[in-house]
Amino acid sequence: MAMLFFYSGLPFTTDHSPSLKVKKQMRYSQTFVPTLKETPAEADVVSHRLLLRAGYIRKLTAGVYTYLPFGLAVIRKVERIVREEMNRAGAQELLMPMVQPADLWRETGRYEKYGAELLRFKDRHDRESCLGPTHEEVITDLVRGEVRSYRQLPLNLYQIQNKFRDEIRPRFGLMRGREFIMKDAYSFDVDDEQASISYQKMYDAYQRIFSRCGLQFRAVEADSGSIGGSFSHEFMVLAKTGEDTLVVCQECDYAANVEKAEIKARCLESREPMLAPERVATPGKRKVAAVCEFLGIGPELLVKTLIYKVTGGEGQQQYPVAVLVRGDREVQEVKLKNLLQAAEVELAEDQEVFDITGVPTGYLGPIGLNGQKIKVVADWEVAALHNFVVGAGEKNYHLKNVNMERDFEVAVTGDLRQIAGDDPCPRCGGKLGQIEGIEVGHIFKLGTVYSESMRALFQDHDGREKPLVMGCYGIGISRIVAAAIEQNHDDNGIVFPVALAPVQVIILNLGLKDATIVAAAELLYTQLQDQGLEVLLDDRDERPGSKFKDADLLGIPFRVTVGARLVKEGVVEIRHRRDGLTVELVPEQAADYLLQQIAAADSAVQEQ
RNA sequence: CGGGGCGUAGCGCAGCCUGGUUAGCGCGCCUGCCUUGGGAGCAGGAGGCCGCAGGUUCGAAUCCUGCCGCCCCGACCA
Numbered sequence: 003m004a005m006l007f008f009y010s011g012l013p014f015t016t017d018h019s020p021s022l023k024v025k026k027q028m029r030y031s032q033t034f035v036p037t038l039k040e041t042p043a044e045a046d047v048v049s050h051r052l053l054l055r056a057g058y059i060r061k062l063t064a065g066v067y068t069y070l071p072f073g074l075a076v077i078r079k080v081e082r083i084v085r086e087e088m089n090r091a092g093a094q095e096l097l098m099p100m101v102q103p104a105d106l107w108r109e110t111g112r113y114e115k116y117g118a119e120l121l122r123f124k125d126r127h128d129r130e131s132c133l134g135p136t137h138e139e140v141i142t143d144l145v146r147g148e149v150r151s152y153r154q155l156p157l158n159l160y161q162i163q164n165k166f167r168d169e170i171r172p173r174f175g176l177m178r179g180r181e182f183i184m185k186d187a188y189s190f191d192v193d194d195e196q197a198s199i200s201y202q203k204m205y206d207a208y209q210r211i212f213s214r215c216g217l218q219f220r221a222v223e224a225d226s227g228s229i230g231g232s233f234s235h236e237f238m239v240l241a242k243t244g245e246d247t248l249v250v251c252q253e254c255d256y257a258a259n260v261e262k263a264e265i266k267a268r269c270l271e272s273r274e275p276m277l278a279p280e281r282v283a284t285p286g287k288r289k290v291a292a293v294c295e296f297l298g299i300g301p302e303l304l305v306k307t308l309i310y311k312v313t314g315g316e317g318q319q320q321y322p323v324a325v326l327v328r329g330d331r332e333v334q335e336v337k338l339k340n341l342l343q344a345a346e347v348e349l350a351e352d353q354e355v356f357d358i359t360g361v362p363t364g365y366l367g368p369i370g371l372n373g374q375k376i377k378v379v380a381d382w383e384v385a386a387l388h389n390f391v392v393g394a395g396e397k398n399y400h401l402k403n404v405n406m407e408r409d410f411e412v413a414v415t416g417d418l419r420q421i422a423g424d425d426p427c428p429r430c431g432g433k434l435g436q437i438e439g440i441e442v443g444h445i446f447k448l449g450t451v452y453s454e455s456m457r458a459l460f461q462d463h464d465g466r467e468k469p470l471v472m473g474c475y476g477i478g479i480s481r482i483v484a485a486a487i488e489q490n491h492d493d494n495g496i497v498f499p500v501a502l503a504p505v506q507v508i509i510l511n512l513g514l515k516d517a518t519i520v521a522a523a524e525l526l527y528t529q530l531q532d533q534g535l536e537v538l539l540d541d542r543d544e545r546p547g548s549k550f551k552d553a554d555l556l557g558i559p560f561r562v563t564v565g566a567r568l569v570k571e572g573v574v575e576i577r578h579r580r581d582g583l584t585v586e587l588v589p590e591q592a593a594d595y596l597l598q599q600i601a602a603a604d605s606a607v608q609e610q
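The first sequence finishes on residue 610 if you use the working numbering, and the numbering steps up by one all the way, no holes.
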């Protein structure tokens, strides 16, 4: 502590201290924002391209990026909103280590289960370790050591931290990096009811966060995936480049990820009398369309038999499962995985199918598979169907008039197909639409999965020891930046929402050799800063064209041009990046105008 | 990991198939002149282990082998 005195004269402060009123120098000529005229070849999607071109990020290696000053500024904007809303919701910030011991992960069994995304390594003492892709184990370890009593609950702890997941295929720049910034929060409650309240608080906080970020988004019901747990929502930014497909009811407020979207309208059991099975030659007809055309039937009367390699669930070995869906449907693998309680399901290759069943693909059917000890599962629709067509289990033949139960046995029947465009809403029966989305947030009700396996127990007021009921809540901070750009750009570059822009205003000095213009630009720069606005002054010795192009590319919401018109007409020009709206004002009015516009943008967002 | 493609100056690319003079173009960068409301013009200039390592050859950016890296399509996820 004594060391502090040696730094005499300097106040003890940190750079995020709000009390320190040092204005940031924001002269373009001295700012490291290396914009690019041409698009680097590595970038394909809009956000990646523009982040590189606008000098916001640079790549170090696959899926790993440096945030340059302006990129970091945007990240900080997002973080600030997230912190404010998390704190408002009663969560408390902490910071956990990124390096974690393997033994902790063994307690929940995830060291083995998590798969290759978990980057494992040994330290110099040969201790097994990993880089944290998420922190359920660490937080649970912390809390089990400190929380004993119901009086210490509820508790919600969060952090904003770099995560590392050794993604199979990183892509799209910040959208799917291996290293990325995430906010992860964990809630601890006494019982399920209280946990639901914590969950709802987070749901509400997330609504506020994404609204304040100026994003168009939608909360949807989601699969809880490998994190485990019972109940889950994803927050999706709506954008064409989204990696996920969502179904949204046009009549009620139902929305879900297609992975999850239930098919509720159970089809009516067919009343047709069952006919005698008939073996028909279908030479060379392997595809659904070819078989149907050949037999003169619609694809809804044919049943596909697909062989999946399934891992986990009952025993650790891989085993084959035959999945039956109608010819016009697709298997939804996430549903299949959940139904089988499997760790992984993978469609078998043609050769593998032959090795497993002895039948070439295209002629496979459910009959006789039980004899080979292959588990058969069927979609509900198949169970309702009568007299359908399946592969005969031998090359160049199919079977007509097949019926489930009479002709073959099925281990499980369930909701296994992907929801289709003509399916009705599972809630209200209304019409469904499909849209693309980017997952920027995911909340889970975990229950006691982790607290039980790690023995995180507390004593309740009835004196009994119970496992903590947990929830976990993630937000992809760096991904929000990419998603915001996917949703907000035009041909000239980024169009940042005011809340996320690295600075709110850029002043273009177009008359570096004209003392009047320079003086006016400098004065405006100082005045706007004094008003608390974030301003970049473009004082570079560049031609006007370059300055306009860069201002657009960077996506700064408001541009103030100080040029010849100041000398001739005494005005500066203020242009809105988003809609191109332009006003001319005397410089004295500029600050008020901008403050008013920025306030308006903020309140519009708040009302969303 | 499976499938496809690419590594040549800071960026975008040509040259490679059909080996052979000093490896070229556009942008950017430096100097000077000129120009100044949408990425100007002229003149001069700097900058290259042709991804790495072997091999074939009198001779390799170019042909062969191996490795490394990157991008795109699928399984994963914030």
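Where is the CB? At the ideal position from N, CA and C, for every residue including glycine.
Asked, Found
"Apart from the five residues just before and just after residue 501, which ones in its own chain have a Cβ nearer than 8 Å to its Cβ?", "79, 83, 214, 215, 216, 603, 604, 607"
"Under 6 Å Cβ to Cβ from residue 76, same chain only, skipping five residues before and after it: list those, please.", "483, 502, 504"
"Let's test the definition: count the other Cβ atoms within 10 Å of the Cβ of residue 316 and tell me whether it reaches 16, buried, or not, exposed.", "Summary for residue 316: the model assigns pLDDT 48, below 50, so the residue's position carries little reliability; its value from the coordinates is reported in the next sentence. Result: exposed."
"Where does residue 570 sit, in a helix, a strand or coil, going by DSSP?", "helix"
"Following the continuous alpha helix (DSSP H) through residue 362, name the residue where it begins and the one where it ends.", "Looking at the DSSP string, residue 362 is not in any alpha helix (DSSP H), and its letter there is neither H nor E."
"Using 8 Å as the threshold, is the C-beta distance between residue 283 and residue 403 below it?", "no"
"Using the beta-carbon count (16 or more within 10 Å), is residue 518 buried or exposed?", "exposed"
"Mind checking whether residue 146 and residue 523 have CB atoms under 8 Å apart?", "no"
"Measuring straight from C-alpha to C-alpha, what distance separates residue 141 and residue 97?", "10 Å"
"So, is residue 66 buried or exposed, given that buried needs 16 or more other C-beta atoms within 10 angstroms?", "exposed"
"State the DSSP-derived secondary structure class of residue 469, mapped to helix, strand or coil.", "strand"
"Span of the alpha helix (DSSP H) holding residue 691?", "The structure shown does not extend to residue 691, since the chain spans only 3 to 610, so no value can be given for it."
"With a cut-off of 8 Å on the beta carbons, I'd call residue 324 and residue 376 a contact; round off their distance for me.", "5 Å"
"Under 8 Å by Cβ, that's how I've got residue 349 and residue 310 pegged, so tell me the actual separation to the nearest angstrom.", "6 Å"
"Alpha carbon to alpha carbon, how far is residue 319 from residue 52? Give it in angstroms, no decimals.", "46 Å"
"Quick one, which of 590, 554, 564, 591 has its alpha-carbon nearest residue 578's?", "554"
"Going by CA-CA distance only, name the one from 133, 444, 244 that's closest to residue 165.", "133"
"Classify residue 414: buried if its beta carbon has 16 or more other beta carbons within 10 angstroms, exposed otherwise.", "exposed"
"Using 10 angstroms around the beta-carbon of residue 598, count the other beta-carbons present and answer buried if the total reaches 16, otherwise exposed.", "exposed"
"Would residue 191 pass as a contact of residue 240 if the rule is Cβ separation under 8 Å?", "no"
"Mind pulling the alpha helix (DSSP H) runs of 4 or more residues that sit fully within the region 450–534?", "451–455, 479–489, 517–532"
"According to the neighbour-count rule (16 or more other Cβ atoms, all chains shown, within 10 Å of its Cβ), is residue 435 buried or exposed?", "exposed"
"Ends of the beta strand (DSSP E) at residue 149?", "Counting along the chain, residue 149 falls outside any beta strand (DSSP E), and DSSP gives it neither H nor E."
"Report yes if the CB atom of residue 538 is closer than 8 Å to the CB atom of residue 33, and no otherwise.", "yes"
"Tell me the start and end of each unbroken beta strand (DSSP E) in the region 155–204 that is at least 3 residues and wholly inside, in chain order.", "157–166, 181–191"
"For residue 416 and residue 333, what's the separation of their Cα atoms in angstroms?", "11 Å"
"Alpha carbon to alpha carbon, how far is residue 442 from residue 163? Give it in angstroms, no decimals.", "15 Å"
"CB residue 389 to CB residue 271, shorter than 8 Å?", "no"
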